[in-house]
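**Q** Attaching a single structure in structure tokens format; questions to follow.
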Amino acid sequence: MKVWKSVVSAALVSVLLAGCGSNAGTDNEQNEVKAGSTVNLKVFVAQPRLKEHYDKYIEQFKAKEKADKNIEVNVQLEMPPADNAPQILKTRLASNDAPDVFALHAVNEIPPFSKAGYLEDLSNQPFVDKLLDSVKPSVTDASGKVVAVPLETLSWGYLYNKDIFKEQGLEVPTTLTEMKAVVEKLKAAGITPFELSYKEAWVPQLFLPLTVGALTQTEHKDFVEKMNKDEASFSDMKALFDVFDLVNANGTDKALEVGADDGAAAYATGKAAMWIQGPWYAETILKSNPDVNFGVAPMPLNDNPDDTKINLSTSTSLAVSSSSKNKEVALDFVNYILDDKDSSAFYEALKFNPVAKVHTFKSFPWVDDALKYVNEGKAYQDPKIPQAVKDESGKALQGYYSGQLNQQQVIDALDKAWKSYNKVNK
3 MKVWKSVVSA ALVSVLLAGC GSNAGTDNEQ NEVKAGSTVN LKVFVAQPRL
53 KEHYDKYIEQ FKAKEKADKN IEVNVQLEMP PADNAPQILK TRLASNDAPD
103 VFALHAVNEI PPFSKAGYLE DLSNQPFVDK LLDSVKPSVT DASGKVVAVP
153 LETLSWGYLY NKDIFKEQGL EVPTTLTEMK AVVEKLKAAG ITPFELSYKE
203 AWVPQLFLPL TVGALTQTEH KDFVEKMNKD EASFSDMKAL FDVFDLVNAN
253 GTDKALEVGA DDGAAAYATG KAAMWIQGPW YAETILKSNP DVNFGVAPMP
303 LNDNPDDTKI NLSTSTSLAV SSSSKNKEVA LDFVNYILDD KDSSAFYEAL
353 KFNPVAKVHT FKSFPWVDDA LKYVNEGKAY QDPKIPQAVK DESGKALQGY
403 YSGQLNQQQV IDALDKAWKS YNKVNK
């Protein structure tokens with residue numbers, strides 16, 4: 003597997019930003035959609051495992067548009083895998099071929115996409131007043147405009163099998179030394195400690211925000227700021243390897259052959275006690291085994307319990323392209339995502355957290371687990387790491403796992419990726 007590559011994502015962001023002030027947001031003229039019209043709406047969401055739920059909700063939206071406005075809507079739903087989606091979307095945006103509605107990561111992608119002028123201002127849309135006060139800032143750009151409707155808000159670290167922990171008399175570890183003791187006790191009982199599923203690069207990439215997010219709470223508080231100025235290095239984040247090595251040495255086999263969906267199925271059936279993954283896989287896990295009892299806990303990085311915290315983030319969110327030819331219907335669609343009557347059932351089916359005042363469903367047990375840490379102040383906001391750096395980290399850690407790269411080569415790749423990002427964002 004070839005993993006030592008130049009940073010393609012940074013180049014795409016460069017092209018994307020070059021569009022600012024040219025084609026971006028200029029092809030905007032809208033005519034009111036007349037009753038009896040047919041509109042073709044392109045929607046781009048990189049969550050293929052949840053397709054059946056999106057399909058069902060889209061059918062409800064189409065029925066509502068027909069009933070309310072007598073508009074026939076044909077929705078072309080594109081759901082690429084998460085590994086390919088960012089580059090596909092950036093290429094589309096840069097070539098003026100944007101979907102009408104597309105998913106983006108709120109923390110990582112709103113800043114560059116908004117700067118490039120590719121996001122419609124949604125500040126005056128009805129859904130905005132429904133957002134929880136804690137959620138609204140995450141979909142607001144630097145100029146104060148709301149530019150997306152949030153789907154996923156996350157509290158994550160790793161997943162652990164509560165029944166296995168209880169049977170083995172284990173407590174959730176608060177330090178790396180305690181985690182090592184948990185690992186040894188599981189192995190002594192013949193239980194594999196960790197599920198490994200690195201076929202898709204975005205999964206090993208998860209170790210990056212967990213490491214950076216936690217360490218910037220204590221000894222490296224200005225790491226992100228310094229990296230944005232080319233004044234720091236990932237050599238400050240070597241705890242990444244301490245955790246990654248521990249997990250890999252005590253995990254399931256053939257990680258590079260196992261995708262996240264297969265990993266979810268294996269974890270659901272008890273093949274391992276823990277998985278470095280987020281609760282966004284809850285729906286897939288429970289589909290494989292409705293009776294599995296899992297919780298969410300923060301991953302220890304070292305022996306400082308102050309660094310053991312939950313990651314808080316808003317990830318998948320839906321934006322409207324500023325160049326959409328079907329803006330009226332696109333705006334109807336993103337407003338329907340938080341429909342007073344229908345959205346609670348939609349979010350609950352997806353196993354997502356409530357994000358709006360209109361959401362009435364009860365939070366899930368794993369959400370309550372994470373919330374306990376949040377309420378105790380043991381949480382941090384997902385760090386603002388450029389997407390190009392995250393993409394590079396996934397590939398580099400695949401290479402490190404397979405023995406093709408050493409620690410210094412991984413550090414050099416991540417430093418280079420961030421510097422390349424800086425060059426096109428100064």
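The sequence shown finishes on residue 428 if you use this note's numbering, and the numbering steps up by one all the way, no holes. Using N, Cα and C, we set each Cβ at its ideal position, and we do this for glycine too.
(1) What residues match up with Q383 in a beta bridge as DSSP calls it?
(2) Closest by CA to K240, which one among V205, F104, Q410, I60?
(3) In this structure, how does DSSP classify G253 when only helix, strand and coil are distinguished?
(4) Taking only three categories from DSSP, how would you classify G297?
(5) Give the secondary structure of V41 by DSSP, where H, G and I count as helix, E and B as strand, and everything else as coil.
(6) So R51 packs on D263, CB below 8 Å; how close in whole Å?
(7) Answer with buried or exposed for T220, where buried requires no fewer than 16 other C-beta atoms within 10 angstroms of its C-beta.
(8) Tell me, which residues are paired with E74 by DSSP?
(9) Does DSSP put H107 in a helix, in a strand, or in coil?
(10) Is it buried or exposed for E67, if we count other Cβ within 10 angstroms and need 16 for buried?
(11) Anyone know if the C-beta pair for G405 and Q207 falls short of 8 Å?
(12) Does the separation of the CB atoms of F46 and A108 fall below 8 Å?
(13) Would DSSP call V412 helix, strand or coil?
(14) Following the continuous alpha helix (DSSP H) through W158, name the residue where it begins and the one where it ends.
(15) Can you tell me whether T179 is helix, strand or coil according to DSSP?
(16) Per DSSP, what kind of secondary structure is G27 in: helix, strand or coil?
(17) Report the three-state DSSP secondary structure of F196 (helix, strand or coil).
(18) Between V412 and the rest of its own chain, which residues show a CB-CB distance below 6 Å, the 5 nearest in sequence each way excluded?
(19) Quick check on DSSP: helix, strand or coil for W368?
(20) Expressed to the nearest angstrom, what Euclidean distance is found between the alpha-carbon atoms of E31 and F363?
(21) Sorted by chain position, which residues of the same chain lie with C-beta nearer than 8 Å to L19's C-beta, five sequence neighbours on each side aside?
(22) Just to confirm, are A284 and K343 a CB contact at a threshold of 8 Å?
(23) For K4, which residues in the same chain have their Cβ closer than 6 Å to its Cβ, ignoring the five residues on either side in sequence?
(24) Pull up the DSSP beta-bridge partners for N163, would you.
(25) Could you spell out the range, first to last residue, of the alpha helix (DSSP H) harbouring T142?
(26) Assuming I73 and S97 form a contact by the criterion Cβ under 8 Å, report the distance between their Cβ atoms to the nearest whole angstrom.
(27) Would you mind stating whether P211 and D384 have Cβ atoms separated by less than 8 Å?
(28) From L429 to A37, what distance separates their C-alpha atoms?
(29) Report the residue from F243, L133, S345, G265 whose alpha carbon sits nearest the alpha carbon of N408.
(30) Give me the Cα-Cα distance between T28 and A48, rounded to the nearest whole angstrom.
(31) If you drop the 5 nearest sequence neighbours on each side, which residues of the same chain put their C-beta closer than 7 Å to that of S24?
(32) Tell me whether V47 sits in a helix, a strand or coil according to DSSP, three-state version.
(33) What residues in its chain sit with their C-beta under 6 Å from that of K64, if we drop five residues either side in the sequence?
(34) Specify the secondary structure class of M276 as computed by DSSP and reduced to three states.
(35) Considering just the uninterrupted stretch of the alpha helix (DSSP H) at D429, what are its terminal residues?
(36) V322 and K329 - do their beta-carbons sit closer together than 8 Å?
**A** Taking the definition as stated:
(1) For Q383, which the question treats as bridged, DSSP gives the partners L314.
(2) The shortest C-alpha separation from K240 is found at Q410.
(3) Three-state DSSP puts G253 in a strand.
(4) When secondary structure is reduced to three states using DSSP, G297 falls in the strand class.
(5) Looking at V41 - three-state DSSP - the assignment turns out to be strand.
(6) With a Cβ gap of about 6 Å, R51 and D263 count as contacting.
(7) T220 should be labelled exposed.
(8) DSSP output for E74 lists T40 as bridge partner(s).
(9) In the three-state DSSP reduction, H107 falls in the strand class (E or B).
(10) In this structure E67 is buried. Its beta-carbon is surrounded by 16 or more other beta-carbon atoms within 10 angstroms.
(11) No, the pair does not count as a contact, with Cβ atoms beyond the cut-off.
(12) Not a contact, by the Cβ cut-off of 8 Å.
(13) Per DSSP, reduced to three states, the secondary structure at V412 is helical.
(14) Looking at the DSSP string, W158 is not in any alpha helix (DSSP H); the run it does join, the beta strand (DSSP E), is 155-158.
(15) In this structure, DSSP gives T179 a helical state, which the three-state scheme calls helix.
(16) Residue confidence is low: G27 scores 40 on pLDDT, short of 50, so the model does not pin down where it sits. No coordinate-derived value is stated.
(17) In the structure shown, F196 sits in a strand (DSSP, three-state: E or B).
(18) Counting only Cβ-Cβ distances below 6 Å, and skipping sequence neighbours, we find A398, Y402.
(19) DSSP places W368 in helix when its eight states are reduced to three.
(20) Interpretation of E31 is limited by its pLDDT of 46, a score under 50 that renders its predicted location unreliable; no figure is taken from the coordinates.
(21) In this prediction, L19 scores a pLDDT of 44, lower than 50, which makes its location untrustworthy; no coordinate-derived value is stated.
(22) Judged by their CB atoms, A284 and K343 are not nearer to each other than the 8 Å cut-off.
(23) Unreliable placement is indicated for K4, whose pLDDT of 35 sits below 50; no coordinate value is reported for it.
(24) Answer is F296, bridged to N163.
(25) Premise fails: T142 is in no alpha helix (DSSP H) and is neither H nor E.
(26) At roughly 28 Å, the Cβ-Cβ gap does not stay under 8 Å, so I73 and S97 are not in contact.
(27) In this structure, P211 sits near D384, with a CB-CB distance shorter than 8 Å.
(28) Past the boundaries of the shown model lies residue 429; the chain is included only from 3 to 428, so the question cannot be answered.
(29) Of the candidates F243, L133, S345, G265, the one whose C-alpha sits nearest the C-alpha of N408 is F243.
(30) Bear in mind that the predicted position of T28 carries a pLDDT of just 39, short of 50, making it unreliable; the figure below should be weighed with that in mind. Taking the straight line joining both Cα atoms gives about 27 Å.
(31) The predicted position of S24 is uncertain, since its pLDDT is 38 and thus under 50; no value can be drawn from it.
(32) V47: coil per DSSP, three-state reduction.
(33) Answer for K64: V75, listed in chain order.
(34) M276 sits in a strand when the DSSP states are folded into three classes.
(35) Since the first residue of the chain shown is 3 and the last is 428, residue 429 is not available in this structure.
(36) Yes, they are a contact pair.
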